[in-house]
Structure formats: structure tokens, C-alpha cells
Amino acid sequence: MKKTNKILASSLAVTGLLLWGLPEAIRFAGQHWLTEQGFSPAKISDIDLNLFAGTLSVTGLEIGRQGKPEISIGYVAADLNVAALFRRQIHIAQLSLKSTDLQPTRLADGRFQLAFVQPEASADAQVDTTIKTTAPVAETTDSEPWQFGIDQLMIDQLLVSFTDQQPPKPAKVDFKLQQLALSQLYSWQPAQPAQLKITAQLNQTPLELSGQLQPFASPIKAKLNLQHQDLQLAAFQPWLPADLTVSGWLANALSVDLAFDPEQSDQIELDFSSQPVLKKLQLTFNQSEQQSSLSFDHLQLNVDGDLKQQQLTVNPELTIKNIHLEQAPHTVQLAELSLKRSKITSDLKTEAFNVLLEPLQLQQLAIATEKQLQLAVDKIKLQQLSANKTQTIDVKLNDFSINQLMVNHQQKPLTGFADFSIQQVEVTAFNPQNAQFSASLEQLALNQLVLQQAQQNWLQLNALSLDRATFAPVTSGALTDTANPQLNTAQPVITLGSLQLKQLTGELQRQADGAIPLLDQWLARINLIADNAQTPESVAVETVSAETAQETVLQTTEQSQPQSKVALEEKSGLPIVLQQFHLDGAFKFTDLQAEPNLKTMLQLTKLDISDLNTADSEHFSPIALAANIGEYGEIIVDGEIAPISQKIKLKGEIKNIELPIFTGYIEPMLGYQISLGQLNNRFELTLADQNLQLENNILLKQLEMEPVDQAVIDRVSKQLTMPIDKALSFLRNSDNNIELSLPVAGPLDDLSVDTGDIIATATTNAIKEASISYLKHLLQPWGTAITLAQYAGELLSEVSLDPVAFDAGSSELNLQGTDYLGKLALLTQQRPDLQLKLCGVASNNDRQWFEQQRFEKEKLEQQLLAQQESEKTDLVESKPTEVASNSAKNTAEEIKLAEQQLAAQVAQITEQLNQVAKLRGDGVKRYLVEQQGIDPGRLLLCKPKLENEALPSVAVGI
25 MKKTNKILAS SLAVTGLLLW GLPEAIRFAG QHWLTEQGFS PAKISDIDLN LFAGTLSVTG
85 LEIGRQGKPE ISIGYVAADL NVAALFRRQI HIAQLSLKST DLQPTRLADG RFQLAFVQPE
145 ASADAQVDTT IKTTAPVAET TDSEPWQFGI DQLMIDQLLV SFTDQQPPKP AKVDFKLQQL
205 ALSQLYSWQP AQPAQLKITA QLNQTPLELS GQLQPFASPI KAKLNLQHQD LQLAAFQPWL
265 PADLTVSGWL ANALSVDLAF DPEQSDQIEL DFSSQPVLKK LQLTFNQSEQ QSSLSFDHLQ
325 LNVDGDLKQQ QLTVNPELTI KNIHLEQAPH TVQLAELSLK RSKITSDLKT EAFNVLLEPL
385 QLQQLAIATE KQLQLAVDKI KLQQLSANKT QTIDVKLNDF SINQLMVNHQ QKPLTGFADF
445 SIQQVEVTAF NPQNAQFSAS LEQLALNQLV LQQAQQNWLQ LNALSLDRAT FAPVTSGALT
505 DTANPQLNTA QPVITLGSLQ LKQLTGELQR QADGAIPLLD QWLARINLIA DNAQTPESVA
565 VETVSAETAQ ETVLQTTEQS QPQSKVALEE KSGLPIVLQQ FHLDGAFKFT DLQAEPNLKT
625 MLQLTKLDIS DLNTADSEHF SPIALAANIG EYGEIIVDGE IAPISQKIKL KGEIKNIELP
685 IFTGYIEPML GYQISLGQLN NRFELTLADQ NLQLENNILL KQLEMEPVDQ AVIDRVSKQL
745 TMPIDKALSF LRNSDNNIEL SLPVAGPLDD LSVDTGDIIA TATTNAIKEA SISYLKHLLQ
805 PWGTAITLAQ YAGELLSEVS LDPVAFDAGS SELNLQGTDY LGKLALLTQQ RPDLQLKLCG
865 VASNNDRQWF EQQRFEKEKL EQQLLAQQES EKTDLVESKP TEVASNSAKN TAEEIKLAEQ
925 QLAAQVAQIT EQLNQVAKLR GDGVKRYLVE QQGIDPGRLL LCKPKLENEA LPSVAVGI
């Protein structure tokens with residue numbers, strides 16, 4: 025018995041000695057093994073092992089290479105439930121790790137190194153990288169699997185300093201795990217959530233992760249919350265492409281609720297939310313000697329969503345402030361971009377998606393380009409944008425608006441508007457690969473559009489609206505409900521409902537050389553902006569002359585030539601159907617080319633065009649125009665146009681236009697200044713195949729003109745073959761009004777050479793023809809002998825009318841004469857300023873009449889004388905000697921007496937002719953005054969005339 029006790033005591037002593045020395049032996053063996061592996065330092069300060077209690081602790085573990093520690097563990101301890109091993113459970117009551125320092129490195133060849141994980145291979149040996157595995161142990165079906173659980177895992181002060189030698193420059197990241205706490209993790213209780221909390225720092229940025237884990241559940245579940253403060257992005261610069269530079273700070277709060285089955289990857293369920301905040305972000309790209317940069321002061325994204333049964337839902341809200349994008353010489357600046365209450369859904373199986381954004385807002389957008397073109401917008405807002413993809417891609421936009429847009433060029437205003445809005449836009453893509461789509465727009469509105477040049481608003485549109493616009497491809501069949509169902513649908517068509525431009529106002533000034541600087545320079549500026557060959561330094565639009573500006577504009581204008589219908593329709597491009605167009609406004613126009621200058625206001629009440637169809641070049645669209653010139657002048661036009669084939673049919677009326685303001689156009693044409701007068705005109709205009717036909721029926725009321733340029737007056741009077749004032753006086757009626765027909769016809773190319781000359785020529789011809797036609801018509805049948813007196817090429821102030829005919833030798837008016845004088849009286853009554861010149865005329869007919877009268881008288885006298893001679897015969901026979909002696913003497917006296925008698929007869933006849941001519945003139949005037957009531961002051965008598973070839977008459981001249 026004593027021997028047994030002695031053996032037992034010895035065994036216990038040996039066992040105790042072994043248990044006492046085992047930790048030290050393990051420490052020594054482990055340290056020796058590490059040293060043999062080439063680690064330096066390789067140090068274990070202390071190991072404490074209690075097999076009965078199931079506790080193990082290690083203090084002061086240090087492993088490294090070449091005297092530099094790579095793994096340092098201040099303290100690690102484990103408390104194992106030994107009794108649980110008999111239940112095939114590895115149950116750790118507590119596992120603690122404190123004061124740990126890890127220094128992993130990624131080598132230049134991409135391999136990772138961390139002391140014992142990847143030991144350094146010797147130079148003459150090859151590293152065996154094959155993974156050695158042991159033969160699998162046959163599973164037994166009659167034993168329970170081992171289970172794992174831990175009551176509490178605690179890691180304090182774990183520092184990981186990661187060095188990366190692979191980038192162009194070595195990089196280092198410090199991760200400090202201040203504390204990790206994991207509790208209640210049991211595989212035998214899969215529904216029991218394990219609690220996790222991590223407090224750490226990444227490059228001195230605080231991080232906090234907390235949540236619950238169920239790694240042994242089916243499906244695996246995790247609920248995690250991650251928060252970190254401002255993380256400096258520049259720390260990650262070494263891992264970015266060499267041509268990209270980044271700076272800024274990132275903060276985030278992330279929540280994830282995850283459930284998944286590793287064996288069924290399509291059965292993932294996820295709920296998440298995140299609030300990342302980017303501050304002072306700066307991205308710089310350097311490519312091909314060109315630098316681009318993107319920066320903003322603040323970006324905040326609030327996003328949440330879920331993934332269930334492969335249905336993904338994302339709800340983002342976004343705010344970005346002070347965005348600056350630059351790619352020299354282009355820049356974009358945006359004060360704020362915001363997106364709220366948005367939703368994105370997607371079916372991961374079918375790739376169908378739906379996007380709903382509401383609202384999206386941009387504030388204070390500024391864009392600058394290399395052409396020194398600047399665009400500034402106060403606000404852009406999109407109330408709602410939805411997009412979805414199923415069999416088609418559908419996009420719908422509601423309430424899009426832009427406020428206060430302004431475009432500048434070379435720091436000078438160019439154009440802009442106050443408000444722009446779109447009510448609703450829908451786009452459907454049938455086949456995105458082939459760009460087949462349809463689109464519709466419910467309403468578009470634009471307010472206060474301005475075009476500026478030289479610091480002036482030369483054109484302003486108060487309101488523009490467009491209702492019901494559609495773009496329909498062939499396959500959509502959307503044209504069946506348009507106003508023109510007969511349209512050829514062999515290609516897409518744009519259909520516009522109602523396009524209205526309201527209160528368009530402008531102020532233009534034409535210079536003396538014919539240029540309109542604001543318009544010409546504005547168009548020239550646009551052309552220069554669009555011309556990529558120009559450089560910013562070569563642009564000097566403000567100093568461009570009017571001629572240069574006009575040439576620049578004309579160089580971009582294609583000369584119009586008559587073309588076939590097919591060519592016109594092909595050239596017209598995409599067909600457009602416009603159901604209704606309306607324009608109204610007011611324009612102030614100053615023309616310095618007219619002298620005196622023209623200053624007037626055009627008030628456009630309406631310009632309406634309906635049923636416009638560019639698909640058919642021969643289709644005519646109704647047009648109606650109503651406008652006012654000045655305060656009371658009116659223009660009314662109705663007709664139809666075919667804009668593609670450039671055909672026009674118009675009828676119109678111009679009323680109550682005050683002429684004195686247009687005297688600057690009349691003076692160069694006629695040499696007269698208009699002091700009083702009003703224009704009315706009824707006209708018809710047709711244009712086809714570049715040929716113009718214009719018929720004007722003009723009424724000039726109370727026209728009064730004053731001569732200002734005698735040279736022009738003489739030139740025009742020669743063209744008229746009568747003085748202008750005389751010609752116009754023929755046209756004046758009793759109300760002092762003038763009616764005139766003024767046709768203009770010819771090819772547009774010819775008319776466009778000098779429109780002023782064409783109008784002047786047409787005007788003078790019209791006045792001439794109208795005045796003569798009037799006289800002939802009024803005086804018919806006596807108007808056939810109207811002549812225009814000219815002498816040696818110089819104009820005489822007289823128009824000769826038909827004379828008042830008289831019977832030969834008579835001064836008494838006959839019936840024909842009184843009828844003609846009635847016509848002349850009517851002429852003078854209808855033309856109050858007209859004066860008549862009356863000249864009595866005696867002719868050979870009168871002379872012959874008087875001679876015949878004298879001859880008959882002499883014949884009678886001779887008969888009486890013959891009788892007397894017969895009675896004297898007897899006396900002669902009784903005294904023959906006396907008669908013979910006196911015969912010679914009587915013959916000489918008779919000759920002398922005959923000559924005297926002949927002279928007396930000629931003088932007598934001449935006196936009679938003058939007398940009858942005078943009596944005729946006096947008689948005509950007397951008849952017009954006494955019988956027709958004509959003012960005697962308007963009837964001028966001239967000296968009687970003796971004209972051998974004329975008829976017995978009174979010559980009438982104006």
C-alpha cells in the first residue's frame with residue numbers, strides 16, 4: 025500500500041512538474057522554431073496554460089525580419105470550456121487580443137508579405153507554392169458534427185500598417201482597431217444573433233461598425249451600421265491611375281440588412297441606406313498634354329433601398345454645391361444641383377427598370393467655351409422624370425423649367441430669356457439599336473426671350489408657347505389622328521399642334537448705307553461662333569463694318585433657284601406638320617437711309633398660319649395677317665402659301681397710312697416732299713417659280729407735295745412726258761383724292777437688284793398711264809387727240825387736248841362744241857386745281873370761207889358793173905375820139921387800183937380771221953362761265969392764232 029501511494033505521489037509530482045514546466049517548454053520550443061524559420065526578432069515573453077481550467081494566455085509575442093518586427097502581440101488569452109469538448113463543441117468562453125501591431129506589405133511583384141504568412145525564400149531555393157493537403161477523412165454518418173461558439177471575443181488596440189510597394193511610389197495606410205467586441209456567437213443556436221461592435225481609425229479617421237450577425241442561420245443574416253467621419257481621399261492617391269489626381273474628404277453613414285443563402289445566389293434579400301458626404305472634392309485628369317478637372321465643395325447623397333426576389337429598389341436624394349468642371353478653354357460652373365424624392369426600380373432577371381426623379385434642380389449654371397461664349401442660368405428645374413424599360417423604353421418628363429438664361433460672347437450680351445418651361449414630354453424607343461422611337465410634348469412655354477447686340481435689346485419675345493407636339497416613326501401609326509391623315513408615312517413626321525409667339529418686340533435701325541448693324545453683326549457673331557476655323561483672338565465682331573457683316577451673312581445663304589417637287593421635298597428634310605402658328609408683337613423701325621429719316625412703329629396684331637405641311641411641297645397653307653402702322657394705319661392680308669416650293673397667293677388691304685412719314689422714300693423717286701396725304705391700297709400678290717406678280721390699286725387722299733429737288737423733278741417729268749404736278753392733277757377727283765393702279769411684275773432675281781428703281785419706274789409709268797387714260801376716258805370721244813407738248817427735247821408745261829371745233833368762218837358754238845365743252849366742264853369740276861388755256865384758232869378753212877364770201881360779193885358787183893358798162897356803150901360810139909385818147913390812162917389806174925384793192929382784201933380777211941378766232945375763244949370761255957359755272961379765273965385766254973393747217977376751233981391746253 026505504501027508502495028502504491030509512493031508511486032502515485034511520484035506520478036502526481038511528475039505530472040505537476042510537467043504541467044508546471046509545459047508552458048515554458050512550449051514558449052521555448054515555439055521561439056526556437058521561429059528562429060529556425062529565419063524570423064528575427066522571434067520572441068515570446070510568457071505563456072500561461074491551465075489544462076484543467078482550459079485557459080491559455082500568451083504575452084509579448086514578437087515576430088519580424090531583419091530585426092524589424094512585423095507582428096507584435098502584447099497579450100492574447102483564451103478561455104476554453106473543456107467540458108463542452110465531450111459534447112463535440114468548441115466553446116470559447118472568452119478570447120482576448122490586446123496591443124497588437126501588424127505590418128503587412130505588398131511587394132513590387134504583387135505578392136503579399138506578413139511575417140509567418142509569407143516567409144522570405146532563400147536566393148538558391150525555389151518557393152514551393154503548391155498547397156499541400158492531407159487525405160480527406162472519411163465522414164462518419166453516426167457521429168455528430170463539431171460545433172463552435174464563443175461567448176465573447178475582445179480585440180483591443182490592433183494596429184495594421186499596410187505598405188504597398190507596387191504603385192509608382194510606395195504607399196502606406198494605417199488602420200487602428202481600437203476595439204472589437206463580438207459576443208454570443210453559437211453554431212448550436214443559429215437564430216441567436218451575435219452582437220458586433222468595432223471602433224477603429226483609418227488614417228486617423230474615426231470608424232464605427234456595429235450590428236448583429238447570424239452566420240450559422242439559413243439564410244445567413246447580418247445587420248450592420250457603419251459610420252465614419254471625414255476620410256482624406258488623397259491617402260488613396262497611390263492606387264489611382266497616374267493621370268488622375270484626387271483630393272477631398274469622405275464621410276458616410278451606412279446601414280445594411282442582409283440575408284442570403286450561399287447555395288442559392290439569386291435568393292439575396294437586402295435593405296440598405298447610406299448618407300455619403302463628399303467635401304472639397306478635386307479630381308484632375310492629365311491626358312495628352314490636356315488637363316481636365318472636376319471639383320465641388322459639397323456632395324451629399326441620401327440613398328436607401330432594398331433587393332427582394334431580384335427586384336431592386338433605390339431611392340436617392342442628392343445635393344451638390346459649387347461644381348466646377350474645366351477642360352481648357354471650356355468651363356462649367358454650377359452653384360447647386362439637387363435631386364429629391366426619387367425612385368429607381370429594376371428587375372434583375374429581365375433587366376427591366378423604372379426610374380422616377382422628382383424634382384431635379386440646378387442653380388446658377390455657368391458655361392464658357394473657347395469661342396468666348398458664356399452661358400449663365402439662374403435655375404433649371406425638373407419636377408418629375410420617369411423612365412422605364414419593358415418591351416420598349418419609355419421616358420416621361422413633367423414640368424421642366426429654366427429661369428433667367430443669358431448667353432454672352434466676348435463679355436457682351438448676346439441672347440437670353442427669363443423663363444422656359446415644358447409641361448410634359450414622352451419618348452418611347454421601339455428599337456434603341458436602330459434609333460426607332462416616338463416622342464410627344466404636351467406644352468412648351470418660353471417667356472421674355474431677348475436678342476442683344478452692342479448692349480441693346482434689338483429683339484424681344486415676351487411669350488412663346490407650343491401645344492401638342494409629336495414625333496412619330498413609321499411603325500407607330502401615330503399620324504392617323506393628325507389633321508392630315510393623307511400624309512405619306514414612309515418616314516417619320518413631326519406634328520406640332522399650336523405654336524404661338526406673343527408680344528415679340530424689337531427695335532432696328534437701318535444706316536444710310538442700307539446696313540442694319542445690330543442684325544447684321546448679331547448674325548455675323550453667330551456665324552463666327554459656329555465657324556470652328558476661327559480662333560478667339562481673330563474674332564472682333566464689335567468692330568465689324570456693316571458691309572463685312574452683310575457679306576458674312578450672305579456667304580452662308582444659299583441662293584434660291586426653282587427646283588422640282590421631288591428635289592424640294594428631299595431638301596426639306598424631316599417632314600413637319602404645324603396645325604396652327606400665331607405671332608404678334610410690336611417693332612420700332614428707324615431708317616436713316618430715308619431723308620428725312622423714317623421713324624415708325626409696326627404693331628403686329630396677328631400673323632396666323634394653319635395646316636402647314638412640309639411633306640408636300642405643293643400644299644398651300646392658309647395665312648392671315650393684321651397689323652397697324654403708326655397709330656391708325658392698318659394692314660390686312662389673307663391668302664395661302666406653300667413655303668417649300670416658295671409659292672404665294674395673297675390678297676390684302678392697306679388703310680389710313682399717313683404718308684408724310686414716308687416722304688424720305690418719295691423724295692429720291694419724285695423730287696417732292698409729302699406734306700399731307702394718306703395711303704390706301706388694295707393689292708393682290710402671286711409668287712410662283714420665282715416670278716412675282718403684284719397688282720396695286722392705290723388711293724391717295726388729300727395728297728400735298730412740295731418740290732425739293734428740281735433735278736429729280738425734271739428727270740421724272742421727262743419719264744412722264746409731263747410735269748409731275750400736272751400728271752397728278754389729272755388724277756385728282758373732286759374730293760382731291762388720287763386713284764392709281766401700280767403693277768409690279770418680273771423675276772425675283774431681277775427685282776432684287778434695286779427694288780427702289782423698280783418701284784420708282786413702276787410709279788412713274790403708272791402715273792403717266794393713269795393720267796392719260798383718265799383724260800381719254802373722261803373726254804371720250806374727244807380724247808383721241810391728246811398730245812404731250814415737247815420742243816427740242818425740253819418739256820413744255822402744257823398738255824394739249826382736243827380743240828373745240830367750229831364751223832368755218834363762224835364763232836358760234838355748234839351742238840358738237842357744246843357737248844365737248846360739257847366734258848371739259850366736268851374735268852375742271854372734278855379737278856379743282858386744274859386750269860385751262862383757251863386759244864381761238866382761225867385756219868385756211870376760215871380763209872377760204874371768207875374768200876368765198878368775198879368772191880361771191882365781187883361776182884355780184886361785177887354783174888352790176890357789167891350792166892352799167894352796157895349802158896355806157898352808146899355814149900362811147902357817139903364820141904369815138906375822146907374815148908380812144910383816155911384808154912391808156914385808164915389801164916394804168918386800173919392796175920394800181922386792183923393792187924390796192926387786193927391788199928385791202930388781204931388785210932380785211934386777216935382782220936376777219938383774227939376777229940373770228942378771238943370771238944371763238946371769248947365764246948368758249950363765256951359758255952363755260954355762264955352755262956357751266958366754271959370760275960373765270962381758271963380759264964385763261966391766249967392771243968388768237970392763225971394756223972393754216974388747223975381746223976376752225978379753240979385750242980384747249982392744260
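With the working numbering applied, the sequence shown corresponds to residues 25 to 982, in that order. Just so it is clear, CB atoms sit at the ideal spot from N, CA and C, and this is done for glycine as well. All of these numbers come straight from a predicted model, not from anything done at the bench.
DSSP three-state assignment for residue i, whether helix, strand or coil
i: residue 778; result: Confidence at residue 778 is low in this model, with a pLDDT of 43, below 50, so the placement of that residue should be treated as unreliable; the coordinate-derived value is given next. Coil, per DSSP.
i: residue 741; result: helix
i: residue 960; result: helix
i: residue 808; result: Because residue 808 carries a pLDDT of 48, less than 50, the predicted location of this residue cannot be relied on, and the following value inherits that uncertainty. Of the three classes helix, strand and coil, the one that applies to residue 808 here is helix, per DSSP.
i: residue 338; result: strand
i: residue 50; result: helix
i: residue 955; result: helix
i: residue 696; result: strand
i: residue 197; result: strand
i: residue 419; result: strand
i: residue 541; result: helix
i: residue 843; result: helix
i: residue 439; result: strand
i: residue 970; result: strand
Contact under 8 angstroms by Cβ, residue i with residue j
i: residue 829; j: residue 684; result: no
i: residue 758; j: residue 603; result: no
i: residue 103; j: residue 84; result: no
i: residue 677; j: residue 657; result: no
i: residue 433; j: residue 396; result: yes
i: residue 122; j: residue 180; result: yes
i: residue 301; j: residue 275; result: yes
i: residue 233; j: residue 248; result: yes
i: residue 653; j: residue 664; result: no
i: residue 628; j: residue 610; result: yes
i: residue 716; j: residue 701; result: no
i: residue 940; j: residue 870; result: yes
i: residue 18; j: residue 399; result: Since the first residue of the chain shown is 25 and the last is 982, residue 18 is not available in this structure.
i: residue 938; j: residue 832; result: no
i: residue 131; j: residue 101; result: no
Other residues of its chain near residue i: CB distance less than 8 angstroms, five sequence neighbours each side excluded
i: residue 880; result: none
i: residue 194; result: 187, 188, 262
i: residue 335; result: 369, 370, 371, 372
8 angstroms contact criterion, which residue i and residue j should meet: CB distance rounded
i: residue 176; j: residue 214; result: Residue 176 to residue 214, Cβ: 19 angstroms. No contact.
i: residue 650; j: residue 626; result: About 12 angstroms; that fails the 8 angstroms criterion.
i: residue 737; j: residue 766; result: The Cβ separation is near 20 angstroms, so there is no contact.
i: residue 326; j: residue 299; result: 5 angstroms
i: residue 860; j: residue 982; result: 7 angstroms
Contacting residues, own chain, Cβ-Cβ under 6 angstroms from residue i (five flanking each side not counted)
i: residue 818; result: Note that residue 818 has pLDDT 38, beneath the 50 cutoff, so the model's placement of it is unreliable and no number is given.
i: residue 209; result: 174, 218
i: residue 361; result: 344, 386
i: residue 956; result: 849
i: residue 419; result: 411, 451
i: residue 729; result: 696, 698
i: residue 944; result: 830, 835, 864, 978
i: residue 199; result: 184, 226
Sequence-distant residues of the same chain with beta carbon closer than 7 angstroms to residue i, five excluded per side
i: residue 619; result: 688, 691
i: residue 624; result: 613, 653, 654, 685
i: residue 47; result: 71, 72, 73
Ordered list of alpha helix (DSSP H) runs contained in the region 202–264, each at least 4 residues: Listed in chain order, nothing qualifies, since the region 202–264 has no complete alpha helix (DSSP H) run of 4 or more residues.
- request: Identify every run of the alpha helix (DSSP H) within the region 665–716, keeping only runs that are complete inside it and at least 4 residues long; order them along the chain.
  value: Correct list: 687–694.
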